[in-house]
Amino acid sequence: MTRSLRLIGIYAHRTFLEWMTWRGFLVTLVLGQCVTPVLGFAVWSAALPDASNLSTYYISLLVVQLMTVFQLDHTLANPIYRGTLSHQLVRPHSPILGTLGTCFAERLWFVIIGAPVVGLLVFLSNVPLVVANVLLALPALALAMVVRFLFTLALALTAFWTQQAHGIVAFGATLTFLIGGSAVPILYFPDPLRSVAESSPFSAMLGLPAAIASGSLNRDQVVMGYAWQAVWLAVFLIVTVVVWRSGVRRFTAVGG
Amino acid sequence: MDRTIHVHHLSMTYRVPVRQEGLGAALRSLIHRSYRELAAVDAVSFDLFAGEIVGFIGPNGAGKTTTLKMLSGILHPTGGDADILGFQPWKRQPAFLRRIAIIRGSQPIGGPVELTVMDSLRLQQLIYDVDDRAFKRNLGQLNAMLDLRTLLDRQIRALSLGERMRCGLALNLIYRPEVLFLDEPTIGMDASVVETTRQFIAAYCQETAATVLLTSHYMADVERLCRRVILMDKGTVRYDGDLRTLSERLSPYKILRVSLVGAKALDLSSFGEVDEAENGTYDIRVGRRDVPSVTARLLADFPVTDLAVLEPPLDRVIDRAYRTGVA
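This is the structure in structure tokens:
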């Protein structure tokens, strides 16, 4: 375990250094991820100027988006397509450690580049932030990171079977945008759809931490949200392990 | 000698989709796909011993790279077994992977190309648990053999192909693997880099007693490094043994290279088949048994200034083996 954590740290450090040469690309990548929440913030603030927690919601959503989005369709699917995954298979550790390290490095870059955008938005909007709500949302944010990582990983691993992994991951991102509370906050969904969306993995990955941080949920809703996050984490963990093992078996059967 | 690699009836059969030409067949294949079994490697067996450098040769599609991938753990075979240093390769146990290396001439470096060579070496040190003392010692030796000094602080992406190969060798040997799988290590290199690489491989094996299985389409690599060759064709081993014996078996002749006084063209066809004639120097193909008598006749009948008895070029021997098989 200690060795695995150390290797993840090494890979994170290496990827962080490696991506330093892609600074310009990273800036556009991070800003691209900011567009939707910032647009939602602008539109909903104008549409419902009295709903102050909506502004808080979208700023929180921006933070959640920056902390949970993963580019695994590039960082993992491309080595599968190129066959360079075989280089990782002959290293004396699980190839997934490299992927985890890459994701940590990616997170760090997103924080470094995204933090000024979040700060600017907080400064300009002067939204009320309740510390207790923010603290209550932090575990949900951590769980959202893990659930979205596993969800994106499972989709990216389809690269073992199809050349369309980029499209599949993009489809997942679209569903997350539509049902996860980015296009419209889930609280504003019509009722039957709302309860479906609240129990969906998309809310667990995106909208829930933002809704908690903005104080939009009562205690029962928060508890239920955490319960759904735990359920989806378990589901995606099982799915990912099965897909990973099956994919590697296929890769080692056909030679990449 | 210790046996390091034992391969027994190793097989790899791919299931490849096939269909007839035309739109109708394409539509039918959406519902009912047809497959054909393709035996890339078929019941291959051999043993390799510590310190051996063995040439693993054969035409394209012979199954060489597939075999190397199975022996390095990348591919899971469909049949047979292999034991390398006491491990089954495709289980990919860390203790096994720390003791082997696979180096491909087409992709000598598998890691990120944005890092410097030294950063990549340090990464290898951590991945393979090489302690600082051993790292410094190994790096010093690799540096001496591969002249890495001017490359260590450069990004991998900015290196030329030859420089990448030198760095790829250093990255894969910094942890001192005991078994090396070299897949076309000199592909695309210029003559001086090729020679450096060959010298390095020979020196590394002599020093560490590493076992090397080398595939190359350049027969000069094989001739320079390997006494033993395994000749593959259509997924099976056609010959496993001494390179010289193979040459003798496939080429029942030698080349007499004779230089005569004066540049006047002479008819030497009575001595054997004249392969080449240029500026008074002739290459005459002579049966192995006839070499002494033909040499004596040439020396008696002509003013010879130089004479050499040569083995036929290995390229031709192997080409003949590919085309006609090994009897």
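Going line by line, the protein sequences match chains B and A.
Using my numbering, the letters of the first sequence map in sequence onto residues -3 to 252.
Using my numbering, the letters of the second sequence map in sequence onto residues 2 to 328.
For every residue, glycine included, the Cβ atom is placed at its ideal position computed from N, Cα and C.
Do the stretch 137 to 155 of chain B and the stretch 227 to 240 of chain B make contact, defined as three or more Cβ pairs closer than 8 Å?
Contact holds: three or more Cβ-Cβ distances are below 8 Å.
Excluding the five sequence neighbours on either side, which residues of its own chain have a C-beta within less than 6 Å of the C-beta of S56 (chain B), listed in chain order?
A206, A209 and S210
Residues within the stretch 64 to 90 of chain B neighbouring chain A, beta-carbon criterion of under 7 Å:
T80, S82, H83, L85, V86, R87, P88 and H89
Beta carbon of I175 (chain A) nearer than 8 Å to that of Q125 (chain A)
yes
Taking the continuous alpha helix (DSSP H) assigned at I285 (chain A), which residues delimit it?
For I285 (chain A), there is no enclosing alpha helix (DSSP H); the enclosing beta strand (DSSP E) has its first and last residue at T282 to G288.
Report the CB separation of T246 (chain A) from V45 (chain A) in whole angstroms; it is logged as a contact under 8 Å.
T246 (chain A) to V45 (chain A), Cβ: 20 Å. No contact.
To which residues does DSSP link P18 (chain A) through a beta bridge?
A:Y36
At 3 residues or longer, and completely inside the stretch 169 to 242 of chain A: list those beta strand (DSSP E) runs for me, N to C.
180 to 184, 212 to 216 and 229 to 234
Comparing the C-beta of E14 (chain B) with each C-beta of chain A, is any distance below 8 Å?
yes
In this structure, does DSSP put T5 (chain A) in helix, strand or coil?
Residue state, collapsed to three classes: strand.
In terms of residue numbering, what span does the beta strand (DSSP E) encompassing A278 (chain A) cover?
E274 to E279
Would you list the residues sitting across from K255 (chain A) in a DSSP beta bridge?
A:V287
Consult DSSP for T80 (chain B) and reduce its assignment to one of helix, strand or coil.
coil
DSSP on H70 (chain B), reduced to helix/strand/coil?
helix
Check the Cβ-Cβ distances between R34 (chain A) and every residue of chain B, and say whether any is below 8 Å.
no
Helix or strand or just coil, what does DSSP make of G59 (chain A)?
coil
Please state the DSSP three-state secondary structure of S260 (chain A).
strand
Extract the residue ranges of the alpha helix (DSSP H) inside the stretch 71 to 150 of chain B, only unbroken runs of 4 or more that lie entirely within it.
73 to 78, 81 to 85 and 92 to 121
Do S35 (chain A) and R16 (chain A) have their C-beta atoms within less than 8 Å of each other?
The Cβ atoms of S35 (chain A) and R16 (chain A) lie no closer than 8 Å to each other.
R215 (chain B) touches chain A at which residues, Cβ-Cβ below 8 Å?
Those within 8 Å of R215 (chain B) in chain A number zero; the least Cβ separation is about 47 Å.
Just list the beta strand (DSSP E) runs in the stretch 76 to 160 of chain A, keeping only unbroken ones of 3 residues or longer that don't cross its boundaries, in chain order.
80 to 85 and 101 to 105
Output yes or no for whether 8 Å exceeds the beta carbon distance between G168 (chain B) and G203 (chain B).
no
Mind checking which residues open and close the beta strand (DSSP E) that includes L269 (chain A)?
Note, L269 (chain A): premise wrong, no beta strand (DSSP E); not H, not E.
Under three-state DSSP, which class holds R244 (chain A)?
One detail in the question is off: residue 244 (chain A) reads as Leu in this sequence, not Arg. It is helical.
Closer than 8 Å by beta-carbon distance: list the chain B residues that pair up with P113 (chain A), in chain order.
In chain order: R10, T11 and E14.
V34 (chain B) - containing alpha helix (DSSP H), residue span
R19 to A43
Whole angstroms is fine: what's the gap from L172 (chain A)'s alpha carbon to H77 (chain A)'s?
Distance from the CA atom of L172 (chain A) to the CA atom of H77 (chain A), rounded to whole angstroms, is 25 Å.
Helix or strand or just coil, what does DSSP make of K309 (chain A)?
Correcting the residue type first, residue 309 (chain A) is Ala in the shown sequence and not Lys. Of the three classes helix, strand and coil, the one that applies to A309 (chain A) here is strand, per DSSP.
Comparing C-alpha positions only, which one of A:N144, A:Y283, A:H218 and A:L308 sits nearest to S270 (chain A)?
Taking only the C-alpha atoms, the option nearest S270 (chain A) is A:Y283.
My guess is that H70 (chain B) and G111 (chain A) are in contact by the Cβ rule of under 8 Å, so how many angstroms apart are they, rounded?
About 17 Å; that fails the 8 Å criterion.
In chain A, which residues lie with their C-beta within 9 Å of the C-beta of L3 (chain B)?
L127 and I128
Indicate whether at least one CB of chain B lies closer than 8 Å to the CB of R99 (chain A).
yes
Taking Cβ-Cβ distances shorter than 7 Å, what residues in chain B pair up with L116 (chain A)?
Near L116 (chain A) (Cβ distances below 7 Å), the residues of chain B are R10, L13 and E14.
When you compare the stretch 35 to 50 of chain B with the stretch 139 to 159 of chain A, are there three or more beta-carbon pairs, one atom per stretch, that lie closer than 8 Å?
no
Partner residues on chain B for M93 (chain A), Cβ-Cβ distance less than 8 Å
Note that residue 93 (chain A) is Arg in the sequence shown, not Met. Here the neighbours are L85 and V86.
List the residues of chain B whose Cβ lies closer than 7 Å to the Cβ of L124 (chain A), in chain order.
I6 and R10
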